[in-house]
């Protein structure tokens, strides 16, 4: 066996055998390679040191240096040719001259192709550097022009601000120094460093002042050689000149150079330790142009702190030590600060609009409708001397001034415009048709109004009235013997039903004043006269009960003269008829008088228009829901119409006549019960038919807001707008005032309204009735809960409580009282309120006694020996001690004795002993006055 790979080669060499070599261990390290799209890969790199040996370097003729292009880095000097490896004598004898020549020719062709590629790469780099330099010069020229333009604009703005100081004053805008003229950079770029690149501003205006541009280290190529981990200098990336082995035999030229395995006695090349990069080939060169690796294109020179750069994240951007340039947003803010937020020269064209202004509007809403800025509106208000916030509410006049000053046109609207065209739309004469007359029966209570109406209608309504009096307002339609129709409205005569009588007078055409011949003119009769005069309707006097023996119609005529009512028999114009509801006397004459008056009035209405009317009465029926008695005044009301009444609306589900029959439509002057409202309307509300549910909701929402505003204003009137002294005085006056809380529920709206009005009038300075809640319908659990929380009494008028409400009242101990006559209700409330009044104290004198002697008794105190001068002295009575005609003590008598025995009373002329409760300062000669205090109950 031999130590060499070539048998027969006995040449001695200085290199020891492989087994005896002293090679250093292989050094390994890891390098992270970066690829496109932020991808990285960690690879292991082995570094082997070059073995020491004798290398023979072939001298190479120096290349002529070329002039570097401007701003282009100078090409690195070519690496010296690799040393020739010594070959054995056996290898030299195997190469022929032809092979040697072939190898020499291949090497020369490789050198020439390498030089050509290097020259082409240098030309391209020179062209790129020239293009970069031209772009830099153009950017600098554009920046200079931009600075000059900004300087010109700034000077113009300064001149405008000097002219318009008041309008363009900016106290917080510091004056900017004039931008220095741009200076050309004469210094030549460093050939080893890349040319400095100015900051890009993405088409925006550059700042006026000069900006220092700093060079940014170029991004490392992902395919570049990884950095070395040892302290040796980095190896140049320039293509190395292939080594020529002069001793090796000649080989035929091939397209790709073959790599030979290193032998133990040859020097290892570092290019064999790592992977060789792909050869750089240009399109004009063929694959077999020459042997050896193709020359690589020159790369951007690296700096010392160049690091691989992958995906740009927040951590890499903030953690990098490289200088970061200004962001776009930061540059925009800087430009705005320097220009003072100056708008562009081309002012935006303003659009003049028609602004709709309601009664009140906020500044923000006004600015939005004008498409103006809120600060501009506030600025105009400040000029007028008013300081406002953007959320403040201003009136319509101020908003109109602001809008007109800004050049807009104004259209004033009011919230009440939603009701425009709802009522009182005029009708043409061609559409009018005759309608029945509406007659209201009015008069004092128990004068026979309902009985007279029953006699006309041939009904017995009066028999169903509780207490024999009318407590509801009723509407009926009657056909007269002559064939004409008349609508009668029956009103109650009690003093509490004033509002009902007023509503009846407003909707009527003729008022029939019923006066009892045996009673004459009474307070409610006079009130009915006033209502008729206020409504401006004609009056017909019906003197009733002429069949009674004590009837005196002449007395009635004479009393009516006091109220400026002059009947026809006395030479006046007022019609009068003597009737008797009981016997039916002269009822036909009364109907004739009504027909005559209606003919004189010539009553007409348009039946083909949307219906309008008035709510006569409203109630809440448990089976049918809210029910309103409506008198149609104009148009025709049909089933399915959408109606609005006050703050309630609904779709008509059914129409029920006064006879109980269901009808499909109601012409003018016909009273009907309307079913379908979503709530119980107020008595007296006007009813109108609208075209859609949206319009109905809009109107009811407006009316509901108006109602809440009225309630709020009523509450504010009791507390706001008054001085502190007035509030303190009222608190002092009402400190001892007691209240009697009530919860009132009734069958119809008119009755509840009458009861509440009557209760508010009951009371004095010490006690008053307070109605917590009132409504229509049965008593519910919520009413009981409210009464329990406030300690109130629940009053039901012609209604009853639900089963659940009764059980809740029994558990809570709430008292529920039911009434069907308003007299009984008012009497009970007055009696209950009278119990809250403090009783009246009355003193009754019993007698006098004079003190003769004072005795001191141990364990008892002082005893006064007295003689009764007049009257009697009773034990336990109240006494006064009078000394020198001055009362010095008032108290009670604790002991009364005659001799040693206790006495109940002592009469005049007898002597006795007395002692007072908690008082001992008695003297001889004092007078004792004995009296008794009695409590007298007060009533309202």
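Residue numbers (my numbering): 11 to 950. For glycine and all other residues, C-beta sits at the position ideal for the given N, C-alpha and C.
* Kindly indicate the opening and closing residues of the alpha helix (DSSP H) around residue 466. => Looking at the DSSP string, the run of the alpha helix (DSSP H) that includes residue 466 is 459-467.
* If you draw a straight line from the alpha carbon of residue 43 to that of residue 126, how long is it in whole angstroms? -> Distance between the alpha carbons of residue 43 and residue 126: 31 Å.
* Is it a yes or a no for the region 670-688 touching the region 444-454, going by three-plus beta-carbon pairs under 8 Å? -> Counting Cβ pairs under 8 Å, three or more are found: they touch.
* To do: Could you spell out where the alpha helix (DSSP H) holding residue 580 opens and where it closes?
  => DSSP places residue 580 outside any alpha helix (DSSP H), giving it a letter other than H or E.
* Output the distance between the C-alpha atoms of residue 654 and residue 661, rounded to the nearest integer angstrom. => Rounded to whole angstroms, residue 654 to residue 661 spans 9 Å at the Cα level.
* Among 598, 595, 603 and 455, which has the Cα closest to the Cα of residue 522? -> Checked all of 598, 595, 603 and 455; the closest Cα to residue 522 is 603.
* **residue 601 versus residue 520: straight-line alpha-carbon distance, rounded** => Spanning the two alpha carbons is a distance of roughly 12 Å.
* Asked: What separation, rounded to the nearest whole angstrom, lies between the Cα atoms of residue 647 and residue 706?
  -> Going from the Cα of residue 647 to the Cα of residue 706 covers about 16 Å.
* To do: Measure from the alpha carbon of residue 700 to the alpha carbon of each residue in 381, 945, 431 and 396, then state which is nearest.
  => Sorting 381, 945, 431 and 396 by C-alpha distance to the C-alpha of residue 700 places 431 at the top.
* Spatial distance of residue 123 from residue 133 (CA atoms) -> For residue 123 and residue 133, the distance between alpha carbons rounds to 15 Å.
* **Residue span of the alpha helix (DSSP H) that contains residue 554, given as start and end** => Residue 554 -> not in any alpha helix (DSSP H); beta strand (DSSP E) instead, spanning 549-554.
* Asked: For residue 590, which three-state DSSP category applies?
  -> Secondary structure at residue 590: strand, using DSSP grouped into helix, strand and coil.
* Thinking C-beta only, is residue 388 closer than 8 Å to residue 400? -> Note that the C-beta distance between residue 400 and residue 388 is below 8 Å.
* To do: Could you pull the start and end residues of the alpha helix (DSSP H) that residue 822 belongs to?
  => Where residue 822 is concerned, the enclosing alpha helix (DSSP H) stretches over 813-822.
* Taking only the alpha-carbon atoms, compute the straight-line gap between residue 491 and residue 467 and give it to the nearest angstrom. => The alpha-carbon atoms of residue 491 and residue 467 are separated by roughly 11 Å.
* Just the Cα atoms here: how many angstroms apart are residue 532 and residue 940? -> Distance between the alpha carbons of residue 532 and residue 940: 53 Å.
* Considering residue 761, what are the terminal residues of the alpha helix (DSSP H) in which it resides? -> Counting along the chain, the alpha helix (DSSP H) containing residue 761 begins and ends at 759-771.
* Residues in its own chain within less than 8 Å of residue 858 by CB, not counting five upstream and five downstream? -> Scanning its chain for C-beta atoms nearer than 8 Å, with the 5 sequence neighbours on each side dropped, one finds around residue 858 the residues 878, 879, 880, 881, 937, 938, 939 and 940, in chain order.
* Assuming residue 935 contacts residue 861 under a Cβ cut-off of 8 Å, what Cβ separation, rounded to an integer in Å, is found between them? -> Here residue 935 really is in contact with residue 861; their C-beta atoms are around 6 Å apart, less than 8 Å.
* State the Cα-Cα distance for the pair residue 622 and residue 385, rounded to the nearest angstrom. => Taking the straight line from one Cα to the other gives about 49 Å.
* Asked: For residue 364, which option in 345, 56, 786 and 420 has the closest C-alpha, if you only look at C-alpha atoms?
  -> The residue with the shortest Cα to Cα distance from residue 364 is 420.
* **Classification of residue 484 by the beta-carbon crowding that lies within 10 angstroms, buried from 16 upward** => Around the CB of residue 484, 16 or more other CB atoms lie within 10 Å, so the residue is classed as buried.
* Return the CA-CA distance between residue 803 and residue 754, expressed in angstroms with no decimal places. => The straight-line gap from Cα to Cα measures roughly 9 Å.
* Asked: Between the region 796-810 and the region 751-769, are three or more C-beta pairs nearer than 8 Å?
  -> In this structure the region 796-810 touches the region 751-769; the number of beta carbon pairs closer than 8 Å is three or more.
* Return no unless some Cβ of chain C is closer than 8 Å to the Cβ of residue 451. => You won't find chain C in this structure, because it holds only one protein chain.
* Any contact of the region 367-387 with the region 410-426, i.e. 3+ C-beta pairs under 8 Å? -> The region 367-387 vs the region 410-426: in contact.
* For the putative contact between residue 696 and residue 433, defined by C-beta atoms under 8 Å, what is the C-beta separation to the nearest angstrom? -> 6 Å between Cβ atoms; contact.
* For residue 636, the three-state DSSP class (helix, strand or coil) -> Shown here, residue 636 sits in a strand according to DSSP, grouped into three states.
* Asked: Apart from the five residues on each side of it in sequence, which residues of its chain come closer than 6 Å, Cβ to Cβ, to residue 784?
  -> Beyond the five residues adjoining it in sequence on each side, residue 784 comes within less than 6 Å, by CB distance, of 754, 762 and 766 in the same chain, given in chain order.
* **Cβ distance (whole Å) where residue 954 is taken to contact residue 566 below 8 Å** => This structure does not reach residue 954, given that the chain is present from 11 up to 950, and the question cannot be answered.
* **Residues bridged to residue 899 [DSSP beta-bridge criterion]** => Answer by DSSP bridge pairing, in chain order: 891.
* If we ignore side chains and look at the alpha-carbon of each, how far apart do residue 411 and residue 418 end up? -> Distance from the CA atom of residue 411 to the CA atom of residue 418, rounded to whole angstroms, is 10 Å.
* Residues near residue 717 in its chain [Cβ-Cβ closer than 7 Å; skip 5 each side] -> So the qualifying residues of the chain are 657.
* Given that a residue counts as buried once 16 or more other Cβ atoms are within 10 Å of its Cβ, and exposed if not, what is residue 946? -> Residue 946 should be labelled exposed.
* Determine the DSSP secondary structure at residue 695, reduced to helix, strand or coil. => It is coil, neither helix nor strand.
* Going by DSSP, what residues sit across from residue 932 in a beta bridge? -> Paired residue(s): none; residue 932 is not in a bridge.
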